[in-house]
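Taken in order, these protein sequences are the chains called A and B. Residues in the first sequence are numbered from 1 upward in steps of one, following my numbering. Residues in the second sequence are numbered from 1001 upward in steps of one, following my numbering. These notes concern the structure reproduced below.
There are 2 protein chains.
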Amino acid sequence: MADRYFYDFKIGERFESASLEVGESDITAFASSFDPQPWHLDRQAAAASPFKGIVASGWHTTAITMRLVVDSGVLKATGVLGTGIDELRWVRPVRPGDVLHVTGEIVALEPPRSGRSAGTMRVRLETADQLGEIAMSMIAILRIPVRPRNE
Amino acid sequence: MADRYFYDFKIGERFESASLEVGESDITAFASSFDPQPWHLDRQAAAASPFKGIVASGWHTTAITMRLVVDSGVLKATGVLGTGIDELRWVRPVRPGDVLHVTGEIVALEPPRSGRSAGTMRVRLETADQLGEIAMSMIAILRIPVRPRNE
């Protein structure tokens, strides 16, 4: 993939990531470290919870989404450098065996302010499962450098 | 801590979490799984990056923040069940050896809609380092059940 910088991107442009299967042991390992609540850790307790079974931490879903966006290579030249997130919504729980992929669409591009070498890109990210059902959506706010002068 | 449900909370109420030190090996382990970019993984590459050294993935900071909120016990009875996040901002990089803690303030409470058993709480969370400098802030949108009738 050719190296792309701020002025190489267009509003409305879309990309797709690869897919990643989320195993039950991945879910419990993440939750043990970062979100130790029963519906992520214990099958019996999870069955009695509002989720009726083990589900991934929402923060695990964000982390998997990041991995898929990094691996997509669409921002390989500039890196994926977020300054913020707006309107993150966990729409549907992610369960063991779900296979996630991410669709991105550039929704805004703010050129660098005077004297700055990076602009701001807003990308709407949707993380969907193997049936195409959206599990999570958010707008990522990214710092995207302009092309270096020597390239 | 007494069990608290939706109607036991007040707008303006604040809480503080315990503290957690973020080690370099924690940073690289998280990034290897979820955010494999040079400024999280490799000292030399990180030194040449805009961060001038190893920094934690922003998603690692969100995950640590979740852990500190869960462990605070303030939502022990209801669980910490997020439906979304607004206005997440990574203000300042987290570096190896930083000791993070979280301050929460309830900024909105929307009672259950007719026939529902849970309301919505919005909590402004600020994750700060050992010097009190804010590394990250966000508004978490949480589903908080009302007290069960048999209690």
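All residues carry an ideal CB built from backbone N, CA and C; glycine is no exception. Values in this document were obtained by computation on a predicted structure and should not be read as measured data.
query                                                                                                                                                               : result
Three or more C-beta pairs closer than 8 angstroms, one from the segment 1099-1113 of chain B and one from the segment 1008-1018 of chain B: is that the case here? : yes
A/F34 versus chain B: which residues are under 8 angstroms apart at the beta carbon?                                                                                : A1063, I1064, M1066, R1067
In the segment 69-99 of chain A, which residues sit with their C-beta less than 9 angstroms from some C-beta in chain B, listed in chain order?                     : V70, D71, G79, V80, L81, G82, T83, G84, I85, D86, E87, L88, R89, W90, V91
Helix, strand or coil, according to DSSP, for A/V80 in the structure here?                                                                                          : coil
Within a Cβ cutoff of 7 angstroms, which residues of the same chain sit near A/S114, ignoring the five residues on either side of it in sequence?                   : none
In whole angstroms, what separates the C-alpha of A/I144 from that of A/A118?                                                                                       : 5 angstroms
Using the C-alpha atoms, what's the distance from A/V146 back to A/V74?                                                                                             : 15 angstroms
In this structure, does DSSP put B/F1006 in helix, strand or coil?                                                                                                  : helix
Measure the beta-carbon distance from B/T1062 to A/T127 and round it to whole angstroms, keeping in mind my assumption that it falls under 8 angstroms.             : Actually they are not in contact, since the Cβ atoms of B/T1062 and A/T127 sit about 15 angstroms apart, beyond 8 angstroms.
Determine the direct distance from the alpha carbon of A/P148 to that of A/S25, and round the result to whole angstroms.                                            : 43 angstroms
Within 9 angstroms (strictly less), CB to CB, does A/M121 reach chain B?                                                                                            : no
Just mark A/R116 as buried or exposed, buried being the case when its beta carbon has 16 or more other beta carbons within 10 Å.                                    : exposed
Extract the residue ranges of the beta strand (DSSP E) inside the segment 109-141 of chain A, only unbroken runs of 3 or more that lie entirely within it.          : 118-128
Is A/V80 near B/Q1044, with beta carbons less than 9 angstroms apart?                                                                                               : no
Helix, strand or coil: which one does DSSP assign to A/S32?                                                                                                         : helix
Just how far apart, CA to CA, sit A/L88 and A/S137?                                                                                                                 : 6 angstroms
If you drop the 5 nearest sequence neighbours on each side, which residues of the same chain put their C-beta closer than 8 angstroms to that of B/W1059?           : F1030, F1034, D1035
Which stretch, first to last residue, makes up the beta strand (DSSP E) that contains B/L1020?                                                                      : 1014-1021
If you drop the 5 nearest sequence neighbours on each side, which residues of the same chain put their C-beta closer than 6 angstroms to that of B/G1084?           : I1141
A/L100 bridges to which residues according to DSSP?                                                                                                                 : A/L20
Straight-line CA distance for B/Y1005 to B/A1077?                                                                                                                   : 7 angstroms
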